[in-house]
Amino acid sequence: MKNRNVLIALVILVVLSILFGVMLFVFMNENKKNVEQYEKREIAITINGEREVYTFEELMEISQPVDFKAIYKPSNKEPIEKTYTGIELRDLLEKLGADLENMKQITFTAKDGFQKVYRAEDVRKETNVFITHLVNGKPFNEGIDVMAYEKEQEDGGPFVVIKAEDKVSQNRVKMLVEIVVE
C-alpha cells in the first residue's frame, strides 16, 4: 500500500512537471511577438480591430511629445515628483482615428505579457495618460531592474505608460509593446 501511494505521488509529480513544461513552452511562443517588437522598439496599436505597428519616431510625428509632471514612488522611498516627456495618449488616439467618446477601455501589454486595463475616462482626461520615453530628460533604463529604486533613472524602458494623476505610480506599464482600444 505504501509503495502504491509513492508511485501515485510520483506519477502525479511527473504529469504536473510535463504540464508545466508545455504551458511554459506555449507562453514563450505566444510571447515571442512581444519580445520581437520590444527589441525593434515598436508599439502595436489596435483601433476598431485594425492593428498597426509603429516606431516611436513615427508616433512622435503624429503627436508631438510634451513634458509633464508625475509622482514616482518606489516602495521603499518617499514619493518624488519628476518631469517626464512623452506622447499624450488622448491626442495620439484621436489623431489615429479612435472614437474617444465611444471607447470603453484601453488595454496595455508589456514585453513580458503583463497587461493593465485603463478605463476610457482616464484616457479622455486631458494631460493624464502618456506613453513616455524620457524621465528628467534622460531615457528610461531598458528592462526591469530590481535595484532600480537605487538608481537615478527609472527602469522599464524604452516606453512606459504613465497616468499623471496617480499618487504612487501604481498604474504604470513598463516595457510597453501594445495598445488595444475597445
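Okay, so the sequence shown: first residue is -9 according to this note's numbering, each after it adds one. Idealized CB from N, CA, C, for every residue including glycine.
Residue i, enclosing beta strand (DSSP E) - first and last residue
| i | result |
| --- | --- |
| residue 125 | 119 to 125 |
Residues sharing a beta bridge with residue i, DSSP
| i | result |
| --- | --- |
| residue 147 | 132 |
| residue 168 | 34, 99 |
| residue 43 | 34 |
| residue 153 | 119 |
| residue 163 | 151 |
Whole-angstrom distance between residue j and residue i, CA atom to CA atom
| i | j | result |
| --- | --- | --- |
| residue 171 | residue 5 | 39 Å |
| residue -7 | residue 3 | 15 Å |
| residue 81 | residue 119 | 10 Å |
| residue 63 | residue 40 | 36 Å |
| residue 162 | residue 50 | 20 Å |
| residue 92 | residue 98 | 18 Å |
| residue 84 | residue 52 | 10 Å |
| residue 9 | residue 0 | 14 Å |
| residue 35 | residue 169 | 5 Å |
Start-to-end residues for the alpha helix (DSSP H) that takes in residue i
| i | result |
| --- | --- |
| residue 46 | 46 to 52 |
For residue j and residue i, believed in contact at Cβ under 8 Å, the rounded distance
| i | j | result |
| --- | --- | --- |
| residue 154 | residue 88 | Wrong, their Cβ atoms sit about 20 Å apart, outside the cutoff. |
| residue 124 | residue 74 | 7 Å |
| residue 167 | residue 24 | 5 Å |
| residue 86 | residue 113 | Incorrect: roughly 13 Å between the Cβ atoms, too far for contact. |
- Item | Every unbroken beta strand (DSSP E) within the region 45 to 120, with a cutoff of 3 residues, ordered by chain | 56 to 62, 70 to 78, 95 to 100, 105 to 109
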